[in-house]
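**Student:** To convert, take the position in the sequence shown, counting from 1, and add 3; that gives my numbering. Note that beta-carbon positions come from the ideal geometry of N, C-alpha and C, so glycine has one too. For reference, the structure I am asking about is given below.
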Amino acid sequence: MTRYTVLRGLDNIGFDSPGRAFPGFAKAARGSTRVIALRDGIRQEMQAGDLLSVEIADGAEGVQIAGFDAAGRPALAALGLQAEARLKVAGCDSAELLGWIASNGGAAGDIPAANLAANGVPLILKAGSAVTVWVLHTASSEALVQGRAPANTKVTWQPAESRTPLLPPLLGDTRDEFTVSRGTGFAYEVKQGEIIQIIDVEGQQCSDFTAFRADGLERGEELMIDSTATRSMVRRSYPGPGLLDKFFDRDMRPLLNVIQDTCGRHDTFGLACTARGYEERGFPGHVNCSDNMSHALAPYGVARRSAWPAINFFWNTWVDPHSHHIMTEESHSRPGDYVAMRALEDLVCVSTACPDDIDPINGWNPTDVHVRIYRPETPLRRAVAYREKEDAPMSISQNSAFHDRLEPLTQHFAPARDLWAPVSFPSHGTTGEYWACRNAVTVQDMSGLRKYDIAGPDAEALLQRATTRNVAKLAVWRGSYTLMCDEAGTVIDDGTLFRLAPDLFRWCCGSEESGRVLETLAQEMGLQVRIHDMRGAMPNLAIQGPKSRDLLRKIAFTQPHVPQLDQLKWFGVTVARLNDREGAPFMLSRSGYTGELGYEIFCAKADALAIWDAVMEAGEEFGITPMGSAALEVIRIEAGLAAANAEFAPGVDAFEAGLGFAVDLTKPEFTGKAALERNAREPRRVLKGLLLGCNDVPLHGSPVYDGERQVGVVTSATRSPSLEHAIAIARLGVEHAESGTRLEVGQLDGRMKRLGATVTDIPFIDPQRKRARA
């Protein structure tokens, strides 16, 4: 077999004149690559469509980007970025930058900037309009003095007229690679074990794909990817890295498994675009993917089809839950996004660069797709993309510091922010893990939590403004559960704030939005404070259950000047060592997310495995059980504990999220106080529990009815092993929230099936929190 490419129909795209390509695709120079020295900055003039790749040095303390339009006004939006900080000119010695700012009438300290961090993947930016870009490689004087200065940062600029693709770094040793030009199709062979990487070069470009078993084609049998079989086998719209990661043929035999996917939004619902599809919309003769696939596959003996079923990578489709129509919008893929798959058989594959320029699916401007084929021995861990925000740089999911101990126990992992976290452990199962936490002790990897150290003479003042509890009352070696809200009282993030010294706090929370809030407030208030994002530097374990204290007594050594283990009250914190004064150090807090007696350990990466081993060895006599996120979800609902995007979400204030207990309206001014005072006086919705007299578990978002009128919505639900029936947390109108009220949860469009429910207080188990306070 030989590979074959079809480069046809280019003249038809957009009905441009014969022999002409789209404007901006003429052959041109590649551009340039420059290196930014420490504490320096460089300027790059960019036009619409230009690409800029920023490869950040590992360990860089700060890399910032600022953008300006032709009038010298801030224009980060032209790069698809949002301002999250002010330009740190104190950490930059660039006379050129300061002179340029001054000549354009700007004040350096007032210029909005985007912060970037090293994550192993270059940031690729595409200019939406003409923009002057400054990239600063900042560093504090402290970093220079202490020798913590990182290597240089590299910036590559590529003008829009360049046809040479600006591609993400290689994943390993390639056997072959090629570009599928816009509006074309390309057929190629891969051997069992080889890895195919399909790359969206410029972003928002779809690529139809299918694959055939090579041995089937030799027999004259077309055994290709079957989207219906695939969806049925993986129980999802499309496979993703993890357990449900394979594409299947009609005989339900796996052909490929997905190893990495940086976009996560693709289509398996329909056909590759067809000639008839364009004809019936008034575009006869328009080039289409189905014809291109037929031509490309012809040399392999594959029969021509007018319409090809295909997996369309990067095509953003979904099924509307109300009309059940297939919906589509512009792609979510960014420049350099890709899908990497391992061939499980010898295959013949075909990839296209979709020519559709009359729909939003290719961003109205078809571009190229690039394909790389890696050798079977290429080491490639499974990963998905993680972005702190939709417009933030991409990082690839990592294994946690405890992964070497977790992987032998389970293969069921799911992304927890930028880390893989275990969902369940087959030796015990979710129910077994649940009862171990209720009756004995469990250990859980919670490293995906975000941790920030806030230090300096104004640390308390910053946190007093940013959080909802009175920080002035928080003693050293104590913690408290608190919230960060916006001006409308909506919960941005929740977490535990620990005070480790008069001017030193540690904030353990759910999202990076907390860090952005703190940075912004510190700059607006002109405070003397340092906010240190710990990122992956402090993995942590949750030791939960009635035997947790007994376990820790065997391994936690504390010095006399800090609280001892048995002196820790609920939300107390101390610093301990493993076994004796020479052991591995860790922060130990009496906290958790289960409602049971429990503790959390925070340690350095280098000590993670030693601490895991010590915990497991000490816990053996107490029946210690590893616990995953599935069991934790059951327990936290029973305990009535709030979760992001469930109990608190955009448009829901702290009281409506059931978190009013964490709001101190008597403290001095804090963000959102005025709105929360108003809402506390006249509440409209409250969070309550529902006891369902059945084992049917309603879905998140299920409507709650009083007769024919919807009066609330389910935020979380599960089947309670302790109560032996389903329970739910719901946000209800205050008129229907009295305990004992009979309501119904609607299923099957809310009308065809109703689950009877009785309103109750939460938590469902241990309402006085006596277990956690034991």
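(1) Distance check for A424 and N543, CA to CA, integer angstroms please.
(2) According to DSSP, is P396 helix, strand or coil?
(3) Please go through the region 640-726 and give each complete beta strand (DSSP E) segment of 3 or more residues, from N-terminal end onward.
(4) Enumerate, from N- to C-terminal direction, the unbroken beta strand (DSSP E) stretches of 3 or more residues contained entirely within the region 501-549.
(5) What's the C-alpha gap between L758 and R552?
(6) CB-CB under 8 Å to V38, same chain, minus the five flanking residues each way: which ones, in chain order?
(7) Look up L758 in the DSSP assignment and say whether it is helix, strand or coil.
(8) Please name the residue, chosen from M296, T277 and R308, that lies closest to P287 on a Cα-to-Cα basis.
(9) Starting from W615, trace the alpha helix (DSSP H) both ways and give me its first and last residue.
(10) Can you find at least 3 beta carbon pairs, one from the region 340-350 and one from the region 256-267, that sit closer than 8 Å?
(11) The beta strand (DSSP E) that contains M344, what's its start and end?
(12) Three Cβ pairs or more, each shorter than 8 Å: is that satisfied between the region 166-186 and the region 323-335?
(13) So does the region 716-729 actually touch the region 626-642, counting three or more Cβ pairs closer than 8 Å?
(14) Counting along the chain, where does the alpha helix (DSSP H) carrying Y281 start and finish?
(15) Check whether the region 514-521 touches the region 577-596, counting contact only when three or more Cβ pairs, one atom from each stretch, lie closer than 8 Å.
(16) Under DSSP, the beta strand (DSSP E) around T434 begins and ends at which residues?
(17) Provide the residue span of the beta strand (DSSP E) that contains T320, from first to last.
(18) Could you please give the first and the last residue of the uninterrupted beta strand (DSSP E) stretch that includes L591?
(19) Alpha carbons only, please: which of S56, E87 and R46 is nearest the one belonging to D72?
(20) Are A760 and T718 close, meaning C-beta to C-beta below 8 Å?
(21) Helix, strand or coil: how does DSSP classify D203 here?
(22) What's the gap between the Cα of A74 and the Cα of L612?
(23) Does the pairing of the region 701-715 with the region 520-528 give three or more beta-carbon distances under 8 Å?
(24) Could you name the residues of the same chain whose beta carbon sits closer than 7 Å to that of R674, not counting the 5 residues immediately before and after it, in chain order?
(25) Could you check how far apart the C-beta atoms of E225 and V305 are, in whole angstroms? I think they sit under 8 Å.
(26) Starting from C357, trace the alpha helix (DSSP H) both ways and give me its first and last residue.
(27) Measure the alpha-carbon distance for D407 versus V444 and round it to whole angstroms.
(28) Using beta-carbon positions only, say whether A740 and K691 come within less than 8 Å of one another.
(29) Are the beta-carbon atoms of P701 and A720 separated by less than 8 Å?
(30) Over what stretch of residues does the beta strand (DSSP E) that includes C209 continue unbroken?
(31) Please report the straight-line C-alpha distance between D254 and Q200, rounded to a whole angstrom.
(32) In chain order, what residues of the same chain lie with their CB nearer than 6 Å to the CB of H431, ignoring the 5 residues before and after it?
(33) Just how far apart, CA to CA, sit V716 and P686?
(34) Check the C-beta distance from F574 over to R481 and give it rounded, since I have them as a contact under 8 Å.
(35) Tell me which same chain residues have a C-beta within less than 7 Å of the C-beta of L247, skipping the five on either side of it?
(36) In chain order, which alpha helix (DSSP H) runs of at least 4 residues are fully inside the region 186-268?
**Tutor:** Reading from the atomic positions:
(1) Cα to Cα, the separation comes out at about 12 Å.
(2) In the structure shown, P396 sits in coil (DSSP, three-state: anything other than H, G, I, E or B).
(3) Runs of the beta strand (DSSP E) inside the region 640-726: 688-695, 706-709 and 712-723.
(4) Whole beta strand (DSSP E) segments, 3+ residues: 507-512, 533-536 and 543-547.
(5) For L758 and R552, the distance between alpha carbons rounds to 41 Å.
(6) Taking C-beta separations shorter than 8 Å and ignoring five residues to either side along the sequence, the partners of V38 in its chain run N155, T156, K157 and V158, following chain order.
(7) Looking at L758 - three-state DSSP - the assignment turns out to be strand.
(8) Closest by C-alpha distance to P287, out of M296, T277 and R308, is T277.
(9) A611 to G622 is the extent of the alpha helix (DSSP H) around W615.
(10) Contact holds: three or more Cβ-Cβ distances are below 8 Å.
(11) Per DSSP, the continuous beta strand (DSSP E) segment holding M344 begins and ends at Y341 to A346.
(12) Verdict: no, contact absent.
(13) Taking 8 Å as the limit for Cβ pairs, the verdict is that the region 626-642 does touch the region 716-729.
(14) That run of the alpha helix (DSSP H) goes A278 to E282.
(15) Contact between the region 514-521 and the region 577-596 is not established, with fewer than three Cβ pairs separated by less than 8 Å.
(16) Careful: T434 lies outside any beta strand (DSSP E), inside the alpha helix (DSSP H) at G432 to N442.
(17) First-last of the beta strand (DSSP E) with T320: N319 to V322.
(18) Annotation for L591: the continuous beta strand (DSSP E) segment containing it runs P588 to S592.
(19) The shortest C-alpha separation from D72 is found at R46.
(20) Taking 8 Å as the cut-off, the Cβ atoms of A760 and T718 do not count as close.
(21) Looking at D203 - three-state DSSP - the assignment turns out to be strand.
(22) So the two alpha carbons sit approximately 55 Å from each other.
(23) The answer is no - the region 520-528 does not touch the region 701-715, with fewer than three Cβ pairs under 8 Å.
(24) Per the sequence shown, residue 674 should be read as Thr rather than Arg. Spatial neighbours of T674 in its own chain (CB-CB distance under 7 Å, excluding positions within 5 residues in sequence) are listed in chain order as R468, A469, C488, D489 and E490.
(25) Contact between E225 and V305 is confirmed by a C-beta separation of about 6 Å, below the 8 Å threshold.
(26) Bounds of any alpha helix (DSSP H) do not take in C357, whose DSSP letter is neither H nor E.
(27) Rounded to whole angstroms, D407 and V444 show a C-alpha spacing of 21 Å.
(28) In this structure, K691 lies closer than 8 Å to A740 by Cβ.
(29) Yes, the Cβ-Cβ distance between P701 and A720 is below 8 Å.
(30) It is not in any beta strand (DSSP E) - C209 carries neither H nor E in the DSSP assignment.
(31) Computed Cα separation, rounded: 25 Å.
(32) Excluding positions up to five away in sequence, the list reads T628.
(33) C-alpha of V716 to C-alpha of P686: approximately 16 Å in a straight line.
(34) Indeed, because the Cβ distance is near 6 Å, the residues count as touching under 8 Å.
(35) So the qualifying residues of the chain are V237, R238 and R239.
(36) Restricting attention to alpha helix (DSSP H) runs no shorter than 4 residues, the region 186-268 encloses them at 217-221 and 230-237, ordered along the chain.
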